[in-house]
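Note sheet for the following structure.
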Amino acid sequence: MTLNEIAWSFSSKIYTSTEEFNQEIIDYQKAIYKTDEKWKPNEIVFDFPELQIQYEAWITDASQLLDNETLLDEEDAFDEDNSDQGMFQVEVVSHFKADNGENFTALEFLFKSHNQQANKELGDHVFFEGTDEDPNIIDGLPLCYIACGS
Numbered sequence: 001m002t003l004n005e006i007a008w009s010f011s012s013k014i015y016t017s018t019e020e021f022n023q024e025i026i027d028y029q030k031a032i033y034k035t036d037e038k039w040k041p042n043e044i045v046f047d048f049p050e051l052q053i054q055y056e057a058w059i060t061d062a063s064q065l066l067d068n069e070t071l072l073d074e075e076d077a078f079d080e081d082n083s084d085q086g087m088f089q090v091e092v093v094s095h096f097k098a099d100n101g102e103n104f105t106a107l108e109f110l111f112k113s114h115n116q117q118a119n120k121e122l123g124d125h126v127f128f129e130g131t132d133e134d135p136n137i138i139d140g141l142p143l144c145y146i147a148c149g150s
């Protein structure tokens with residue numbers, strides 16, 4: 001999968017323009033790899049009209065979840081054993097719909113994934129390391145895990 005060879009660092013910046021975001025990815029590829037040849041923004045990376053992503057984050061409470069998000073283990077998410085100075089480590093699942101109603105390009109997928117996480121604390125795991133090769137089907141929709149490293 002193309003995305004597993006793409007370098008990116010998630011941040012709190014919310015992008016409103018895919019053109020600006022694409023240029024930031026190009027610049028980041030050049031800074032890390034000295035080339036942007038592996039970044040293919042228009043390549044279809046998920047041939048599904050809808051999918052889910054799963055990622056890990058630290059949140060203070062459920063109000064930080066966006067409308068298209070749920071917690072993987074909502075029952076124990078805000079248990080005191082899972083707390084560190086008022087922050088709770090959780091697994092978030094987000095539901096995406098493809099803009100064209102058919103599939104996701106690399107740019108659309110990474111753009112949506114980035115903006116989805118921008119309002120949450122990722123700790124030191126901000127460096128994108130790719131996704132599952134073959135997403136699992138959960139509740140009738142593909143679910144892929146966003147792998148991040150430090």
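Heads up: the sequence shown is residues 1 to 150, going by UniProt numbering.
We treat Cβ as the ideally placed atom computed from N, Cα and C, and that holds for glycine.
Just tell me which of the options has its CA closest to the CA of residue i.
i, options, result
"Phe-127", "Pro-135, Gln-117 and Lys-97", "Gln-117"
"Glu-80", "Asp-134, Asp-61, Leu-71 and Leu-65", "Asp-61"
"Val-92", "Leu-71, Asn-100, Glu-75 and Asn-103", "Leu-71"
"Lys-40", "Ile-6, Ala-31 and Leu-66", "Ile-6"
"Asp-124", "Ile-25, Asp-67 and Ala-57", "Ala-57"
"Asp-47", "Asn-103, Gln-29, Tyr-55 and Ile-14", "Asn-103"
"Asn-4", "Lys-38, Lys-97 and Ala-98", "Lys-38"
"Ala-31", "Glu-19, Lys-112, Ser-17 and Trp-8", "Trp-8"
"Ser-63", "Gln-29, Phe-88 and Asp-134", "Phe-88"
Note down the Cα distance separating residue i from residue j, rounded to an integer number of angstroms.
i, j, result
"Leu-141", "Leu-51", "5 Å"
"His-95", "Asn-119", "16 Å"
"Ile-137", "Leu-143", "6 Å"
"Asn-115", "Val-45", "18 Å"
"Asp-139", "Asp-27", "37 Å"
"Val-90", "Ser-150", "17 Å"
"Asp-36", "Gln-85", "40 Å"
"Lys-112", "Glu-20", "13 Å"
Among residues of its own chain, excluding the 5 on either side of residue i, which ones have a beta-carbon nearer than 8 Å to its beta-carbon?
i, result
"Asn-42", "Thr-105, Ala-106 and Leu-107"
For residue i, I'd like the list of residues in its chain whose CB is within less than 6 Å of its CB, leaving aside the five on either flank, ordered along the chain.
i, result
"residue 167", "For residue 167 there is no data in the structure shown, the boundaries of the chain being 1 and 150."
"Gly-101", "Pro-49"
"Glu-69", "Val-92 and Ser-94"
Taking only runs of the beta strand (DSSP E) that begin and end inside the region 25 to 84, which ones reach a length of at least 3 residues, in chain order? If we require 3 residues or more, the beta strand (DSSP E) runs fully inside the region 25 to 84 come out as 44 to 46, 50 to 59 and 69 to 71.
Could I get the ranges of all uninterrupted beta strand (DSSP E) runs contained in the region 76 to 143, with 3 residues as the minimum, in chain order? With a minimum length of 3 residues, the unbroken runs of beta strand (DSSP E) contained wholly in the region 76 to 143 fall at 87 to 97, 127 to 131 and 136 to 138.
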